[in-house]
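Note that UniProt numbering has the sequence shown beginning at 1, numbered continuously upward.
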Amino acid sequence: MILSALYRYPVKSGQAQSLEASAVGNLGLAGDRRWMVVEQDTGRFLTQRAWPQLGLIHAHHQPDGSLILEAAGFEALPVAVPGDDDALRGVTIWRDSLRAPDAGERAADWLSALLGKPVRLVYCPEPRARFLPSGYGLASDRAAFSDGFPLLLIGQASLDELSRRVGRSMEMLRFRPNLVVEGAPAFAEDSWRRIRIGDTTLRVLKPSVRCILTTLDPVTGERSLDREPLTTLKTFREREGDVLFGQNLAVDGEGELRVGMDVQVLE
Numbered sequence: 001m002i003l004s005a006l007y008r009y010p011v012k013s014g015q016a017q018s019l020e021a022s023a024v025g026n027l028g029l030a031g032d033r034r035w036m037v038v039e040q041d042t043g044r045f046l047t048q049r050a051w052p053q054l055g056l057i058h059a060h061h062q063p064d065g066s067l068i069l070e071a072a073g074f075e076a077l078p079v080a081v082p083g084d085d086d087a088l089r090g091v092t093i094w095r096d097s098l099r100a101p102d103a104g105e106r107a108a109d110w111l112s113a114l115l116g117k118p119v120r121l122v123y124c125p126e127p128r129a130r131f132l133p134s135g136y137g138l139a140s141d142r143a144a145f146s147d148g149f150p151l152l153l154i155g156q157a158s159l160d161e162l163s164r165r166v167g168r169s170m171e172m173l174r175f176r177p178n179l180v181v182e183g184a185p186a187f188a189e190d191s192w193r194r195i196r197i198g199d200t201t202l203r204v205l206k207p208s209v210r211c212i213l214t215t216l217d218p219v220t221g222e223r224s225l226d227r228e229p230l231t232t233l234k235t236f237r238e239r240e241g242d243v244l245f246g247q248n249l250a251v252d253g254e255g256e257l258r259v260g261m262d263v264q265v266l267e
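Below you can see the structure in the form of structure tokens.
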């Protein structure tokens with residue numbers, strides 16, 4: 001088995017960056033979902049579930065952690081990393097509330113114009129990262145602005161089997177994984193508990209619960225009229241009301257992941 005693809009999403013619900021290699025640590029891939037768009041008045045997070053326009057954002061992670069924001073019809077905007085305690089704003093992501101540094105007026109104006117709604121851009125420095133959902137992982141595990149866990153892994157064969165059942169090819173990026181593994185049977189990842197990629201050990205914590213976001217075209221943001229692939233997933237991947245596809249992971253230590261690395265199942 002090999003690691004066949006790596007993806008980073010610098011802004012939550014923004015476009016993916018395909019990578020050949022990335023540092024990986026407690027918060028997952030370097031620069032992954034460290035930024036998030038929130039409502040100006042409430043601090044509530046926005047995602048493509050309700051705001052598919054977020055999928056038009058091309059956010060390019062820079063070596064120093066800063067961003068360059070791009071979208072069709074908009075001038076590219078560089079965004080510096082705010083200090084850990086600068087312009088703190090109360091924000092809410094699912095059931096978590098935290099205070100996160102605000103990225104400033106230029107970023108807020110740029111995103112508000114794109115979305116047609118007053119919004120702010122916030123950043124998650126490592127000291128302000130969230131705990132994982134109760135009952136999962138170690139006390140030292142943290143997540144930035146992902147839905148709950150540092151990494152998401154999907155087997156290529158699992159997507160291939162889903163596409164076969166749907167009757168047409170489904171894009172991997174509908175599911176927004178960080179890691180794609182090739183060479184394992186379909187849904188083999190369901191039984192993994194610990195894996196090693198290169199020299200990095202990762203713990204498999206729980207299946208990923210899928211939602212309406214999977215029905216959005218990852219390039220155009222258009223919703224599938226037949227609600228695929230969610231409709232088909234419900235026929236064979238629903239457990240106690242949750243539709244499951246992919247596995248959430250945490251990282252032991254720090255390392256580097258590179259496309260083409262061997263993947264070993266440790267348990």
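Positions of the beta carbon are idealized from the N, C-alpha and C atoms, including for glycine.
| task | Let me know the secondary structure DSSP gives residue 224 once reduced to three states. | result | Here residue 224 is taken as the residue at index 224 of the sequence shown, counted from 1. DSSP places residue 224 in coil when its eight states are reduced to three.
| query | Counting along the chain, where does the beta strand (DSSP E) carrying residue 242 start and finish? | reply | Here residue 242 refers to the residue found at position 242 when the sequence shown is read from its first residue. Per DSSP, residue 242 belongs to the beta strand (DSSP E) from 242 to 252.
| query | Quick one: is residue 105 buried, meaning 16 or more other Cβ sit within 10 Å of its Cβ, or exposed? | reply | As a position in the sequence shown, residue 105 is number 105, starting the count at 1. Under this definition residue 105 is an exposed residue.
| query | Hey, which unbroken runs of the beta strand (DSSP E) at 3 residues or more fall wholly within the UniProt domain "MOSC" (124 to 266)? | reply | 151 to 155, 179 to 182, 194 to 197, 200 to 209, 242 to 252, 255 to 258 and 263 to 265
| query | When the Cα atoms are used, what is the spatial distance from residue 36 to residue 111? | reply | Residue numbering aside, residue 36 sits at position 36 when the sequence shown is read from its first letter. Residue numbering aside, residue 111 sits at position 111 when the sequence shown is read from its first letter. Near 11 Å, if we compare the C-alpha coordinates of residue 111 and residue 36.
| task | State the DSSP-derived secondary structure class of residue 16, mapped to helix, strand or coil. | result | The residue you call residue 16 lines up with position 16 of the sequence shown. In the structure shown, residue 16 sits in coil (DSSP, three-state: anything other than H, G, I, E or B).
| Local Cβ density within 10 Å of residue 193, reported as buried at 16 or more and exposed below that | Numbered from its first residue, the sequence shown carries residue 193 at position 193. Classification of residue 193: exposed, given that the 10 Å Cβ count is below 16.
| Are the beta-carbon atoms of residue 14 and residue 57 separated by less than 9 Å? | Within the sequence shown, the letter at position 14 stands for residue 14. Within the sequence shown, the letter at position 57 stands for residue 57. Yes, the Cβ-Cβ distance between residue 14 and residue 57 is below 9 Å.
| Residue range of the unbroken alpha helix (DSSP H) whose run includes residue 76 | Position 76 of the sequence shown, counted from the first residue, corresponds to residue 76. No alpha helix (DSSP H) contains residue 76, which is instead part of the beta strand (DSSP E) from 74 to 79.
| Rounded C-alpha distance that separates residue 76 from residue 241 | Translated into positions along the sequence shown, residue 76 becomes position 76. Translated into positions along the sequence shown, residue 241 becomes position 241. Answer to the nearest angstrom: the Cα atoms are 42 Å apart.
| said: For a test of your reading of the model: does the CB of residue 144 fall under 8 Å from any non-hydrogen atom of the ligand FAD? Yes or no. | reply: With respect to the ligand FAD, the structure offers nothing, as it holds no ligand at all.
| request: State whether the segment 226 to 242 contacts the segment 258 to 265, with contact taken as three or more CB pairs (one from each stretch) at a distance under 8 Å. | output: no
| First through last residue of the beta strand (DSSP E) which encompasses residue 21 | Here residue 21 refers to the residue found at position 21 when the sequence shown is read from its first residue. That run of the beta strand (DSSP E) goes 21 to 25.
| Can you tell me the Cα-Cα spacing of residue 95 and residue 154, whole angstroms? | Counting from 1 along the sequence shown, the entry for residue 95 is found at position 95. Counting from 1 along the sequence shown, the entry for residue 154 is found at position 154. For residue 95 and residue 154, the distance between alpha carbons rounds to 25 Å.
| said: Quick check on residue 96: does DSSP put it in helix, strand or coil? | reply: Along the sequence shown, read from residue 1 onward, the residue named residue 96 stands at position 96. Here residue 96 sits in strand by DSSP.
| the segment 151 to 167 / the segment 110 to 126 touching (three or more Cβ pairs under 8 Å) | no
| query | What is the rounded straight-line gap between the Cα of residue 245 and the Cα of residue 7? | reply | For this step, residue 245 is matched to residue 245 along the sequence shown. For this step, residue 7 is matched to residue 7 along the sequence shown. Answer to the nearest angstrom: the Cα atoms are 17 Å apart.
| message | Considering just the uninterrupted stretch of the alpha helix (DSSP H) at residue 59, what are its terminal residues? | response | Taking the sequence shown and counting its residues from 1, the one referred to as residue 59 is at position 59. It is not in any alpha helix (DSSP H) - residue 59 instead sits in the beta strand (DSSP E) that spans 58 to 61.
| residue 81 versus residue 99: straight-line alpha-carbon distance, rounded | Here residue 81 refers to the residue found at position 81 when the sequence shown is read from its first residue. Here residue 99 refers to the residue found at position 99 when the sequence shown is read from its first residue. C-alpha separation (whole angstroms): 15 Å.
| Which whole-angstrom value is the C-beta distance of residue 152 and residue 49, which I expect to be below 8 Å? | Taking the sequence shown and counting its residues from 1, the one referred to as residue 152 is at position 152. Taking the sequence shown and counting its residues from 1, the one referred to as residue 49 is at position 49. Not confirmed; about 16 Å, so no contact.
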